[in-house]
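Visitor: In this note's numbering, the protein residues as written are 10 to 318.
We put the CB at the ideal spot given by N, CA and C, even for glycine.
I have a structure here, written as structure tokens, and I will follow up with some questions on it.
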DNA sequence: GGTAGACCTGGACGC
DNA sequence: GCGTCCAGGTCTACC
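The following block contains the structure:
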């Protein structure tokens, strides 16, 4: 008999909207079921792994989230699960400040961006999204879970792998050495999540430290920063440039469009990334329907491939 | 500080 | 079925 928990979210929270708000909800071990409107994934807890399904019924703002685990969880594990779910769903964030700066999203209530239960998983997911098309990112994350840990590889597990093994089994290509090194840095304590999650650090400090990590450049750093709740920068990739050209009518070289994007989103200050992201996400949904209706392996695999939508 | 080229993988395409 | 080209961000060497 598994454990059932009730999680009380903020009064504005909507599970399907706030889970299906960023591409990581399509990456293993996360599984969004568009028919059941539920999120299932395996969590690493104190005693071991547990598959947990999250639902919110009826779908209304602030309704309780039901968490159903496939096994009995101890008190300590229940607390750990609440903490990890809280991070994924950003239950401690209040989008009101964002809506004051960019009122376009007040009506829909958009503001939260889905993320991983741990900082390490967010870093690895970001590195697997660099220099590869979205289906490739989906494949890498699926294989990492299939070959190493169904709840997602821990730093220790990645640190123990040989790069060549990682490359051949998980299809990570030249990222092999970088991923093993990331695992080693986190496992050894040389890199601590708490340091990056400290709100007293400046964006510049965090950016500099992130760029010192293997596989993390300007794009990856900006993306990890938004995953940390620091949205003052645009993660500048080809999708951003495409958005600038196609949605905002920007012209000129890539560099020129990047500069124009920076200037365009400057008025949104600390919320630049959210303003940019929800514009782009809305365009994705215009072609594919609401994200909570996407089948992960079909519609969900077409992200960044707008001509295939 | 700016830039060219290498790094991998898988899909598209032509033959 | 095979070869070629392309997309994607980071890293290093070089100017």
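Relative to the C-alpha of residue 185, which residue among 240, 311, 176, 191 is closest?
Guide: Considering only alpha carbons, the answer is 176.
Visitor: Tell me whether the stretch 148 to 161 and the stretch 44 to 60 touch, counting them as touching only if at least three CB pairs, one residue from each stretch, are closer than 8 Å.
Guide: Yes: at least three Cβ pairs fall under 8 Å.
Visitor: Quick check: residue 122 and residue 183, are their CB atoms within less than 9 Å of each other?
Guide: Not closer than 9 Å, so no.
Visitor: Does residue 63 come out as helix, strand or coil in the three-state DSSP assignment?
Guide: In the structure shown, residue 63 sits in a strand (DSSP, three-state: E or B).
Visitor: In three-state DSSP terms, what is residue 157?
Guide: Coil.
Visitor: Count Cβ pairs between the stretch 38 to 45 and the stretch 303 to 312 that sit closer than 8 Å; are there 3 or more?
Guide: Touching, per the Cβ criterion.
Visitor: Quick one: is residue 170 buried, meaning 16 or more other Cβ sit within 10 Å of its Cβ, or exposed?
Guide: Buried.
Visitor: Excluding the five sequence neighbours on either side, which residues of its own chain have a C-beta within less than 7 Å of the C-beta of residue 149, listed in chain order?
Guide: Only 137, 179, 180, 181 meet the Cβ criterion.
Visitor: Evaluate residue 249 with the Cβ neighbour count: other Cβ atoms within 10 Å of its Cβ, from every protein chain shown; 16 or more gives buried, anything less gives exposed.
Guide: Looking at its Cβ environment, which holds 16 or more other Cβ atoms inside 10 Å, residue 249 is buried.
Visitor: For residue 172, I'd like the list of residues in its chain whose CB is within less than 7 Å of its CB, leaving aside the five on either flank, ordered along the chain.
Guide: Around residue 172: 185, 186, 189.
Visitor: Count the other C-beta atoms from every protein chain shown that fall within 10 angstroms of the C-beta of residue 216, then say buried if there are 16 or more, exposed otherwise.
Guide: So residue 216 counts as buried.
Visitor: Which residue wins for smallest C-alpha separation from residue 324, given the options 207, 56, 198, 107?
Guide: This structure cannot settle anything about residue 324, because the visible part of the chain is limited to 10 through 318.
Visitor: Check this for me: beta carbons of residue 292 and residue 252, under 9 Å apart or not?
Guide: Their beta carbons are under 9 Å apart, which means residue 292 touches residue 252 by this criterion.
Visitor: Could you spell out the range, first to last residue, of the beta strand (DSSP E) harbouring residue 78?
Guide: Start and end: 74 to 78.
Visitor: Given this structure, state the Cα-to-Cα distance separating residue 163 from residue 155, to the nearest angstrom.
Guide: Roughly 13 Å between the two C-alpha positions.
Visitor: Hey, quick one: how far does the alpha helix (DSSP H) through residue 243 stretch, first residue to last?
Guide: From DSSP, residue 243 is part of no alpha helix (DSSP H); its letter is neither H nor E.
Visitor: Figure out for me which residue from 116, 55, 214 has the closest Cα to the Cα of residue 86.
Guide: Nearest C-alpha to residue 86: 55.
Visitor: Just checking my contact of residue 168 with residue 193 at CB under 8 Å: how many whole Å lie between their CB atoms?
Guide: Sure, about 4 Å apart at Cβ, within 8 Å.
Visitor: Using alpha carbons as the reference points, say which of 261, 265, 15, 228 lies closest to residue 135.
Guide: Comparing Cα positions, the closest option is 228.
Visitor: Based on the DSSP secondary-structure assignment, which residues constitute the bridge partners of residue 233?
Guide: The partner list for residue 233 (beta bridge, DSSP) is empty, contrary to what the question assumes.
Visitor: Any idea what DSSP makes of residue 216, helix, strand or coil?
Guide: Residue 216 falls in the helix class under three-state DSSP.
Visitor: Which residue wins for smallest C-alpha separation from residue 64, given the options 81, 98, 83, 53?
Guide: Of the listed residues, the one whose Cα sits closest to residue 64 is 98.
Visitor: May I ask you to list the residues that DSSP assigns as paired with residue 282?
Guide: Its beta-bridge partners do not exist; DSSP assigns none.
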